[in-house]
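Chemist:
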Amino acid sequence: MATGNHKEFVDGEWILVVDYDSWKIKFFAFSIPLIIFCVFWLIYQCVKKYPIFFSRLFDRDKNNYLRNNLFSLIAGLLIAMFFVFIFKIRIYFL
Numbered sequence: 000m001a002t003g004n005h006k007e008f009v010d011g012e013w014i015l016v017v018d019y020d021s022w023k024i025k026f027f028a029f030s031i032p033l034i035i036f037c038v039f040w041l042i043y044q045c046v047k048k049y050p051i052f053f054s055r056l057f058d059r060d061k062n063n064y065l066r067n068n069l070f071s072l073i074a075g076l077l078i079a080m081f082f083v084f085i086f087k088i089r090i091y092f093l
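The sequence shown begins at 0 in numbering that gives the first Met the number 0 and counts up by one.
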């Protein structure tokens, strides 16, 4: 068994094989939840500081362009992330 990250040719395509003990895996396993926490904490702080702006997001008005554009942007980013992770990144763990 090889140590470290390396590529192997399996089923007609190159895949990246990642070692469990790699420092990169441990770093990203810790940093990704930390980044997600920081993003939600910043959103919470913005809502606390500018409540009037964020109250417009949840108006019942159907022509609320701020809400529609923001939610469309978030949905588009989530869909793009889904396709990138599913179809582009194939990491097999040993």
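Positions of the beta carbon are idealized from the N, C-alpha and C atoms, including for glycine.
These numbers were taken from a predicted model, which means no experiment stands behind them.
1. Could you check the C-alpha separation between residue 44 and residue 33 for me, to the nearest Å?
2. Beta-carbon within less than 8 angstroms of residue 13's beta-carbon, same chain only, minus the 5 sequence neighbours each way: which residues are those?
3. Between the C-alpha atoms of residue 46 and residue 37, what's the straight-line distance to the nearest angstrom?
4. Quick check: the Cα distance between residue 10 and residue 82, rounded to an integer number of angstroms?
5. So who's on the other strand from residue 72, going by DSSP bridges?
Modeler: Let me spell this out:
1. 16 angstroms
2. 6 and 7
3. 14 angstroms
4. Just so you know, the alpha carbons of residue 10 and residue 82 end up roughly 21 angstroms apart.
5. Residue 72 is not bridged to any residue.
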